[in-house]
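Worksheet: the structure to be examined is printed underneath.
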Amino acid sequence: MILSITSNPAIDVIYEMDELDTNGVNVVDDVYKTPGGKGINVSKVLDLLRADFMVTGFIGGSNGDYVIDKLDDVNIKHDFIFTNVDTRNCIRVIHGDKQFEIFEKTNKIDSRFERTFMSLIQEIGKNYDISVISGSLMNGLSDNFVEETMDILQDNSKIILDTSGQVTKKVLENNYKPYAIKPNFHEFKEIIGLSEDISSEDFINKDSDYLKGIFSNKLLDDIEIVLVTNGKYGAILKYKDNLYKITVPQYKIQRTVGSGDATVAGIAKFLDDGESVMETVLKAISLGVLNARVYEVEKLDVSKINEVAEQIDVELL
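Residue 1 is where the sequence shown starts when you use UniProt numbering, and the numbers rise one by one after that.
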């Protein structure tokens, strides 16, 4: 079974506009609204994969009610801590080939809700073989929220961590080692402290000696899977002592939002199924590719996972 933890859920609102007047009134014809936040996005893909899972975290207010109602509509199992803070909105405006985002910052959560959450994890954690901790931390949570959660889970569960570069770096510096991490390129730079001015395309095309040097960073020791995703440029995988360059097939991209979450869902599901690490990673990346081809995650066609995986090239560095 899989536990998906999202401390900072959201309602994702997408406005798609033919014209945008930054000094006047804009009327939006196409509005897409759905529960979001990384852990919920992971859960949506797990649901498509028919995984055995539950999602938990913190919600509140009328937005929290909306999240619960929508998850109930599609029978996604959940056990959230209802708080004194209204769940945030994340607004994305798409105008032609350009887009911008407005992410609300929540008010501070009361510490008693964090204690309630830890009690819940203490109670249910032993039931889950895989635990995913993903997304940003809700305002007001303690600095060691991730570490404390891992303390409870790590004896019984393989932990997949996909949060900000700064939070991941702090967790690793405190010698907490998840089973897998899946940063994107920019988060990875934060984790290892890479200050070099280098584009994501140039990074993935660096020679093997350069990449081996980068991935020899001590913070990455004792992590079974380090998967650095890089959008259409593919990914770099560190698995045990080996390094692999992964090149993905090129398709017309409908959206990039949620592709990393789809990949994380794949890692969780296929590990839970007992797949090998390499097979898990290939299928997980295929989910990320398939997500980028559709406008809504609900339209992601999981029947094409193997078809896409066969088009992925893996090079041992």
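Idealized CB from N, CA, C, for every residue including glycine. As the structure is a prediction and not an experimental result, all values here were calculated from the model.
Measure the alpha-carbon distance for residue i versus residue j and round it to whole angstroms.
i: Asn84; j: Lys252; result: 42 Å
i: Leu46; j: Asp52; result: 8 Å
i: Glu275; j: Gln99; result: 38 Å
i: Thr116; j: Ile81; result: 7 Å
i: Gly60; j: Lys77; result: 17 Å
i: Ser43; j: Lys70; result: 13 Å
i: Ile312; j: Asp241; result: 21 Å
i: Gln154; j: Pro178; result: 8 Å
i: Asp73; j: Lys206; result: 47 Å
i: Gly36; j: Ile14; result: 11 Å
i: Leu220; j: Leu161; result: 13 Å
i: Cys90; j: Asp202; result: 31 Å
i: Asn144; j: Lys232; result: 34 Å
i: Glu310; j: Tyr32; result: 33 Å
i: Asn217; j: Glu19; result: 47 Å
i: Thr163; j: Gly258; result: 13 Å
i: Asp21; j: Ile102; result: 17 Å
i: Asp29; j: Met17; result: 8 Å
i: Glu296; j: Arg92; result: 14 Å
i: Asn23; j: His95; result: 15 Å
i: Ile109; j: Thr56; result: 16 Å
i: Asp261; j: Asn41; result: 6 Å
i: Asp222; j: Lys269; result: 22 Å
i: Val27; j: Thr34; result: 20 Å
i: Phe188; j: Leu300; result: 27 Å
i: Met278; j: Ile198; result: 28 Å
Look up residue i in the DSSP assignment and say whether it is helix, strand or coil.
i: residue 320; result: There is simply no residue 320 to check, as the chain begins at 1 and stops at 317 in what is shown.
i: Arg293; result: coil
i: Tyr176; result: coil
i: Leu283; result: Going by the sequence as given, residue 283 is Lys instead of Leu. Three-state result, Lys283: helix.
i: Met54; result: strand
i: Glu19; result: coil
i: Asn89; result: strand
i: Thr163; result: coil
i: Ser303; result: helix
i: Phe185; result: helix
i: Glu101; result: strand
i: Leu317; result: coil
i: Lys170; result: helix
i: Tyr239; result: strand
i: Tyr233; result: helix
i: Gly36; result: strand
i: Val25; result: coil
i: Gly260; result: helix
i: Tyr66; result: helix
i: Leu220; result: helix
i: Tyr251; result: coil
i: Gly274; result: coil
i: Val228; result: strand
i: Lys212; result: helix
Excluding sequence positions up to five away, which residues of its chain have a Cβ less than 7 Å from the Cβ of residue i?
i: Thr263; result: Lys182, Thr229, Ala284, Ile285, Leu287, Gly288
i: Leu271; result: Ile130, Lys158, Thr280
i: Asp65; result: none
i: Ala235; result: Leu227, Val228, Thr229, Ile246, Ile285
i: Thr87; result: Pro9, Ala10, Ile11, Ile59, Gly60, Gly61, Asn63, Gly64, Val67
i: Val308; result: Pro249, Ser286, Val289, Leu290
i: Glu190; result: Gly165, Gln166, Lys169
i: Tyr176; result: Glu147, Met150
If contacts are defined as beta-carbon pairs under 8 Å, then residue i and residue j qualify, I think. What distance do you get, rounded to the angstrom?
i: Ile225; j: Ala180; result: 4 Å
i: Gly125; j: Asn75; result: No, Gly125 and Asn75 are not in contact; Cβ-Cβ is about 23 Å, not under 8 Å.
i: Leu49; j: Ala292; result: The pair is not a contact, with the Cβ atoms about 17 Å apart (cut-off 8 Å).
i: Val132; j: Ile5; result: 6 Å
i: Gly193; j: Lys38; result: Actually they are not in contact, since the Cβ atoms of Gly193 and Lys38 sit about 23 Å apart, beyond 8 Å.
i: Leu137; j: Ser303; result: About 36 Å separates the two Cβ atoms, so there is no contact after all.
Return the chain-ordered list of same chain residues with a C-beta closer than 8 Å to the C-beta of residue i, the five sequence neighbours on each side being excluded.
i: His186; result: Gly165, Ser200
i: Leu243; result: Ser208, Leu211, Lys212, Phe215, Ile236, Leu237, Leu316, Leu317
i: Lys105; result: Arg88, Asn139
i: Met118; result: Glu148, Thr149, Ile152
i: Arg112; result: none
i: Glu123; result: none
i: Asn174; result: Asn144, Glu147
i: Asn306; result: Lys283, Ser286
In its own chain, which residues sit with a C-beta less than 6 Å from the C-beta of residue i, not counting the 5 before and 5 after it?
i: Tyr128; result: Met1, Leu3, Ser157
i: Glu196; result: none
i: Val314; result: Tyr244, Ile246
Tell me whether residue i counts as near the ligand PLP, meaning its Cβ is closer than 6 Å to at least one heavy atom of that ligand.
i: Gly125; result: Although the ligand PLP was asked about, the structure shown includes no ligands whatsoever.
Next on the checklist: My parser needs the alpha helix (DSSP H) runs of 4 or more residues fully inside the segment 105-155; what are they?
Outcome noted: The DSSP assignment places 111-124, 145-153 as complete runs of the alpha helix (DSSP H) inside the segment 105-155, in order along the chain (cut-off: 4 residues).
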